[in-house]
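Undergrad: Residue numbers (our numbering): 55 to 212.
Dropping the structure in here first, questions after.
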Amino acid sequence: MIEPLPRTGISTVIGLLELIDDAKGKEDIFKLAKSLQFDLEDILPVIDASELLGLAEVIDGDIKLTPTGKRLVEADVNERKLVIKQQLKKLKPFQETIAALKTKEDKRMDREFFVELFEAHLSEEDAENLVHTIIDWGRYAELIGYNLDTEEMYLDQE
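This is the structure we're talking about:
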């Protein structure tokens, strides 16, 4: 079953992890939201993404860095991209996307193919949002590329 991914950028997730690290690796979610001047509903997708990526966990209202999250915040930019890439490869939407791209000799496919693929599990809007997030997160990690002119997604060189 394919589920939507939280609608947030990787840089926002990393920013949240850095704030948690500054708070000795653990912070109360409500306190964190208040200090950022965010409503709880605005910060929840970022927290969800952090958990989904295995970078943080929520226990009793506190968000805490995982060992992988701690490694990420201590890493340089290239190492961060590698950590994110490793975590993305564990997620079903990325696994499906990578598998489909690998079926093509040039490892390229139209973006619309993936929207239609995910519409089998999600609404049209959720499928569009999922593909947008896959492109956004995948580009950050240099896992999946996207050509705006041709609207093609492609597998970056490994």
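The beta carbon of each residue, even a glycine, is placed where N, CA and C say it ideally should be.
In this text, all values refer to a predicted model and were calculated from it rather than measured experimentally.
Use the C-beta contact count for THR204: other C-beta atoms within 10 angstroms, 16 or more gives buried, fewer gives exposed.
TA: Within the sequence shown, numbered from 1, the residue matching residue 204 stands at position 150. With fewer than 16 other Cβ atoms within 10 Å, it is exposed.
Undergrad: According to the neighbour-count rule (16 or more other Cβ atoms, all chains shown, within 10 Å of its Cβ), is GLY69 buried or exposed?
TA: Looking up residue 69 in the sequence shown gives position 15. With fewer than 16 Cβ atoms within 10 Å of its Cβ, GLY69 is classed as exposed.
Undergrad: Buried or exposed for SER104, please, with buried defined as at least 16 other CB atoms from any protein chain shown within 10 angstroms of its CB.
TA: The sequence position of residue 104 within the sequence shown is 50, counting from 1. Looking at its Cβ environment, which holds 16 or more other Cβ atoms inside 10 Å, SER104 is buried.
Undergrad: Ignoring anything shorter than 3 residues or poking outside the stretch 95-126, list the beta strand (DSSP E) runs there in chain order.
TA: Runs of the beta strand (DSSP E) inside the stretch 95-126: 110-113, 116-119.
Undergrad: If we count Cβ pairs, one from each stretch, closer than 8 Å, do we get three or more for the stretch 168-176 versus the stretch 108-116?
TA: Cβ pair count under 8 Å is below three, so no.
Undergrad: From this set, GLU111, TYR208, ASP76, ASP82, which residue's C-alpha is nearest GLU10's C-alpha?
TA: Past the boundaries of the shown model lies residue 10; the chain is included only from 55 to 212, so the question cannot be answered.
Undergrad: For LEU106 versus LEU71, is the C-beta spacing smaller than 8 Å?
TA: Counted from its first residue, the sequence shown places residue 106 at position 52. Counted from its first residue, the sequence shown places residue 71 at position 17. No, the pair does not count as a contact, with Cβ atoms beyond the cut-off.
Undergrad: Going by DSSP, what residue range makes up the beta strand (DSSP E) through LEU176?
TA: Position 122 of the sequence shown, counted from the start, is the residue given in the question as residue 176. LEU176 -> no beta strand (DSSP E), and no H or E assigned at all.
Undergrad: Unbroken beta strand (DSSP E) runs of length 3 or more, entirely within the stretch 138-199: which are they?
TA: If we require 3 residues or more, the beta strand (DSSP E) runs fully inside the stretch 138-199 come out as 162-164.
Undergrad: With a cut-off of 8 Å, do at least 3 Cβ pairs link the stretch 135-150 to the stretch 187-201?
TA: These segments touch.
Undergrad: Residues in the same chain with beta-carbon distance under 8 Å from ARG134, minus the five sequence neighbours each way, listed in chain order, please.
TA: Locating residue 134 in the sequence shown gives position 80, counting from the first residue. Excluding sequence neighbours, ARG134 sits near ILE68, LEU126.
Undergrad: Please return the same chain residues whose Cβ sits closer than 8 Å to the Cβ of LYS78, not counting the five positions on each side in sequence.
TA: Within the sequence shown, the letter at position 24 stands for residue 78. No residues qualify anywhere along the chain.
Undergrad: Using DSSP with H/G/I as helix, E/B as strand and the rest coil, what is GLU205?
TA: Counting from 1 along the sequence shown, the entry for residue 205 is found at position 151. Coil at GLU205, not helix or strand.
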